[in-house]
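Have a look at the structure below before the remarks.
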Amino acid sequence: MDVANSLLSSQQILVQGLRNAVPYIREHEGKVFVLAFGGEALDAPERFSQVVRDVVLLADLGARLVLVPGARPQINRRLTQAGMVQKFHQGLRITEFDMIDPVTEAVGALQFDLLSWLSTRLSMSSGSGLAQRVLTGNFVTAKPMGVIDGVDLGFTGSVRRVDVAGIRDALGDGSIVVQSNLGFSPTGELYNLRAEDVAEALAVSLGADKLIFLTDPVDNLPNVMALNEVQNLLDHPVIPLSDEFRLHLESAIRACSRGVDRVHLVDREDDGALLVELFTRDGSGTLISSEPFEKIRAASLNDIGGIVALIEPLEQTGVLVRRSREQLELELDRFVVIERDGDVIGCAALYPYPKESTAELAALVVHPAYQRGGRAGRLLSFLELRARAAQLSSLFLLSTQTMAFFKEKGFVEESLARLPAERQALYNFKRNSKIFKKCL
């Protein structure tokens, strides 16, 4: 019976997963995605082979893919083997003339491996998919970076022009397009480009629907971020960010500002993360959106009416503790809101207890019309980042009806005795709220 129940449960999960994925399959068919990943990804061939499998599946489902592999570690190793001293300026490699051959050898070997993996996986597909072949070409025209702050970057370049028609023709023929980080100038010089810049230029020039970066793992990043939140994270990092990840965030801001609707950051070490990100509601990584009409920000006096409209129905049903308008005004600096096109559609509050290195999460509400799309999770992630920035080590909350959501977000049930003494004194035994805590 247990085996039968287990099989039934697995079948139900599969069926539900397929049902949930169908709208996304339809949505992504025919859309152009630029997918970029560093050379570090190819340094783990067993893991990367799973990524290749998922890339081909995505193409078979109708997405039109342009891949941009980076080659930093491969170039580093090849130059070291050649006994060459590597120099950088503002994070950019100074590519001298005698480095061109080792650089092209490293990039060529990497591209050969990638094309081999993709071709093998395509040949193993059922033949009923839309993807037919993998194609690489000279789709990017380069120009020199020149001299920056008095430093000549040599044959390090940037994108001058993209052959949009050529790429679109290849995609229309069912090809997966691969573009390396090397590009020729109109006069024939070869330049070493930064892969993130190539991916960004391709996404902008093609009007891509998505720019996707396979990144190194980063903990505690929100699953959705607006551009101002990304910039704030870059300016005031409250979590460790690698140089590679910072480049991805900077590229995301520029790409979104130049017309790319969505940029996705996906953990390259998480098997299946690419598919989960694209074919489930909550995804697996971080979505950076160019939509300026919805953002999370600190509440202001003008938001009082919107906050009251959100929390009052829940106060009337006993889900939330009643707050007077005067109390709201006094505590307004504790609140953040989601503003969408001028309207407040979500709110939450954080009440810190700095001596105990904790804070209470309260009044987390999203308007019923906008409760899909992960907004409650965005509010929670925003306040978690704020708590970390304040050097707090945990969050706690009191709830009578929404326990399941918070358990899914990593909260565990806690006893009243573990609350700060000041908060214990305010506990309402008639409400008998359950207490939950999350370590940050």
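Each step along the sequence shown adds one to the number in the working numbering, with nothing skipped, and position 104 is 120. Where is the CB? At the ideal position from N, CA and C, for every residue including glycine. Quick caveat: nothing in here was measured; it's all calculated off a predicted structure.
Length of the line joining the Cα atoms of residue i and residue j
| i | j | result |
| --- | --- | --- |
| Arg356 | Lys311 | 7 angstroms |
| Val175 | Glu216 | 10 angstroms |
| Met17 | Ile29 | Unreliable positioning characterises Met17 in this predicted model, as indicated by a pLDDT of 48, which lies under 50. The coordinate reading is nonetheless provided below. Distance between the alpha carbons of Met17 and Ile29 is about 18 angstroms. |
| Pro329 | Leu73 | 46 angstroms |
| Gln332 | Gly390 | 25 angstroms |
| Arg439 | Leu336 | 16 angstroms |
| Ala325 | Ser139 | 58 angstroms |
| Ile41 | Phe49 | 14 angstroms |
| Glu62 | Asp232 | 16 angstroms |
| Gly199 | Val214 | 9 angstroms |
| Glu293 | Leu366 | 29 angstroms |
| Ala437 | Asp283 | 41 angstroms |
| Asn154 | Ala364 | 51 angstroms |
| Ala385 | Gly288 | 31 angstroms |
| Pro202 | Ile354 | 48 angstroms |
| Gly334 | Arg274 | 46 angstroms |
| Asp76 | Gly162 | 42 angstroms |
| Ala271 | Val279 | 8 angstroms |
| Leu151 | Ser65 | 18 angstroms |
| Glu372 | His252 | 24 angstroms |
| Leu237 | Ser397 | 7 angstroms |
| Glu400 | Asp319 | 22 angstroms |
| Ala37 | Val84 | 26 angstroms |
| Val276 | Leu95 | 35 angstroms |
| Leu263 | Ala211 | 10 angstroms |
| Lys446 | Arg338 | 14 angstroms |
| Leu435 | Ala405 | 21 angstroms |
| Arg88 | Arg402 | 34 angstroms |
| Asp168 | Phe113 | 12 angstroms |
| Leu209 | Ala392 | 40 angstroms |
| Ala242 | Gln97 | 43 angstroms |
| Arg80 | Ala181 | 14 angstroms |
| Thr172 | Arg137 | 33 angstroms |
| Tyr207 | Phe104 | 15 angstroms |
| Asp298 | Lys159 | 40 angstroms |
| Glu1 | Leu317 | Summary: the structure shown does not reach residue 1, with the chain confined to residues 17 through 456, and so no result is reported for it. |
Residue i - DSSP class collapsed to helix/strand/coil
| i | result |
| --- | --- |
| Val335 | coil |
| Leu230 | strand |
| Ser196 | coil |
| Val382 | strand |
| Glu376 | strand |
| Asn36 | helix |
| His280 | strand |
| Val101 | coil |
| Glu355 | strand |
| Glu430 | strand |
| Arg210 | coil |
| Ile255 | coil |
| Leu83 | strand |
| Ala437 | helix |
| Met161 | coil |
| Thr111 | strand |
| Ala289 | helix |
| Asp168 | strand |
| Ser191 | strand |
| Met17 | The pLDDT assigned to Met17 is 48, lower than 50, so where the model puts this residue is not dependable; a value taken from the coordinates is nonetheless given after this. Reduced to three states, the DSSP call for Met17 is coil. |
| Arg274 | coil |
| Lys11 | What the structure shows of the chain is the stretch from 17 to 456, and residue 11 is not part of that stretch, so it cannot be assessed. |
| Gly362 | strand |
| Leu51 | strand |
| Leu303 | strand |
| Tyr369 | strand |
| Arg388 | coil |
| Ala242 | strand |
Residue span of the beta strand (DSSP E) that contains residue i, given as start and end
| i | result |
| --- | --- |
| Arg149 | Arg149 to Thr152 |
| Lys453 | Lys450 to Cys455 |
Start and end residues, alpha helix (DSSP H) containing residue i
| i | result |
| --- | --- |
| Ile116 | Ile116 to Met140 |
| Lys446 | Taken as a continuous stretch (DSSP letters only), Lys446 belongs to no alpha helix (DSSP H), as it is neither H nor E. |
| Leu395 | Arg391 to Ala405 |
| Ser415 | Per DSSP, Ser415 belongs to no alpha helix (DSSP H); it is in the beta strand (DSSP E), Ser410 to Ser415. |
| Leu73 | Pro61 to Asp76 |
| Ala420 | Met419 to Glu424 |
| Leu344 | Arg341 to Leu346 |
Contact test: residue i Cβ vs the ligand COA heavy atom, cutoff 8 angstroms
| i | result |
| --- | --- |
| Glu347 | Among the components of this structure there are no ligands whatsoever, and the ligand COA is therefore not found. |
Under 8 angstroms, with one C-beta from each stretch per pair, do the stretch 253 to 267 and the stretch 420 to 427 reach the 3-pair mark? no
Is the stretch 366 to 384 close to the stretch 408 to 418, with three or more CB pairs under 8 angstroms? yes
Exercise. Counting pairs of Cβ atoms below 8 angstroms between the stretch 439 to 456 and the stretch 401 to 410, do you hit three or more?
Worked result: yes
If we count Cβ pairs, one from each stretch, closer than 8 angstroms, do we get three or more for the stretch 297 to 304 versus the stretch 221 to 240? yes
Count Cβ pairs between the stretch 97 to 110 and the stretch 313 to 324 that sit closer than 8 angstroms; are there 3 or more? no
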